[in-house]
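Residue numbers (the numbering used here): 39 to 200.
Don't be surprised by glycine CBs; every beta carbon is placed ideally from N, CA and C.
Note that this is a predicted model, so its numbers are computed, not measured.
Remarks on the structure that follows.
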Amino acid sequence: MSKTRIMVVSDTHGNNMYLNKAIEETGTFDLFLHLGDLEGSEHFINTFVQSKIEMIAGNNDYMIDYPSEKVIEVEGYRIWMTHGHRYQVYAGVSPLRDAAIKKGVDIVLFGHIHKPYLEKDGLIILNPGSISFPRQSDRIPTYAIMEIDERGEISIDIKRVN
39 MSKTRIMVVS DTHGNNMYLN KAIEETGTFD LFLHLGDLEG SEHFINTFVQ
89 SKIEMIAGNN DYMIDYPSEK VIEVEGYRIW MTHGHRYQVY AGVSPLRDAA
139 IKKGVDIVLF GHIHKPYLEK DGLIILNPGS ISFPRQSDRI PTYAIMEIDE
189 RGEISIDIKR VN
């Protein structure tokens, strides 16, 4: 197993300026995950991202042929990608956690709330925030870099776009 670097973004809503900056800042990565509310960003991503890409649809993606959620496997970890709007994530992550346990996943990635969130308590629950329309107090666009090292250990860094 070699080190795997994953870029995780959500909620671009068709505004790709900060996404472009984040891709430039990040450099190389092995996998790009978008957690929904693309609203046209899928064209930019498919053109400019030079890695494997996995995308799901969010609650604002009406004319898009992507699933609303999916489970992928990366380096032996089961990762559930969901936008989160069907799990009442504005009220907290309990319904999301319960669903993740039922699905037997190791990592949950979600969007929708436009605020970064990270919980690492056996199950990893990550929201990278919004790359275009952040709602946390500083309003700086965010995304996440997740790395799985040679020993299978996971590190997650929530990054701010400069």
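In this structure, how does DSSP classify residue i when only helix, strand and coil are distinguished?
i: residue 86; result: helix
i: residue 49; result: coil
i: residue 181; result: strand
i: residue 41; result: coil
i: residue 93; result: strand
i: residue 144; result: coil
i: residue 172; result: coil
i: residue 80; result: helix
i: residue 136; result: helix
i: residue 124; result: helix
i: residue 62; result: helix
i: residue 104; result: coil
Would you report the Cα separation of residue i and residue j, rounded to the nearest angstrom?
i: residue 145; j: residue 195; result: 15 Å
i: residue 143; j: residue 130; result: 19 Å
i: residue 173; j: residue 58; result: 20 Å
i: residue 138; j: residue 117; result: 9 Å
i: residue 102; j: residue 179; result: 24 Å
i: residue 66; j: residue 134; result: 30 Å
i: residue 40; j: residue 61; result: 21 Å
i: residue 56; j: residue 105; result: 25 Å
i: residue 83; j: residue 158; result: 29 Å
Count the other CB atoms, across all protein chains shown, that sit within 10 Å of the CB of residue i; report buried if there are 16 or more and exposed otherwise.
i: residue 54; result: buried
i: residue 200; result: exposed
i: residue 80; result: buried
i: residue 136; result: exposed
i: residue 197; result: buried
i: residue 100; result: exposed
Going by alpha carbons, who is nearest to residue i out of the options?
i: residue 124; options: 79, 116, 168, 107; result: 107
i: residue 221; options: 61, 185, 126; result: There is no way to answer for residue 221, as the model of the chain reaches only from 39 to 200.
i: residue 152; options: 169, 140, 158, 136; result: 169
i: residue 112; options: 171, 190, 99; result: 190
i: residue 160; options: 185, 197, 115; result: 115
i: residue 96; options: 183, 51, 155, 162; result: 51
i: residue 119; options: 162, 188, 98; result: 162
Across the region 64-83 and the region 44-54, are there enough close Cβ pairs to call them in contact, namely three or more that are closer than 8 Å? yes
With three or more beta-carbon pairs closer than 8 Å as the criterion, would you say the region 80-98 touches the region 55-71? yes
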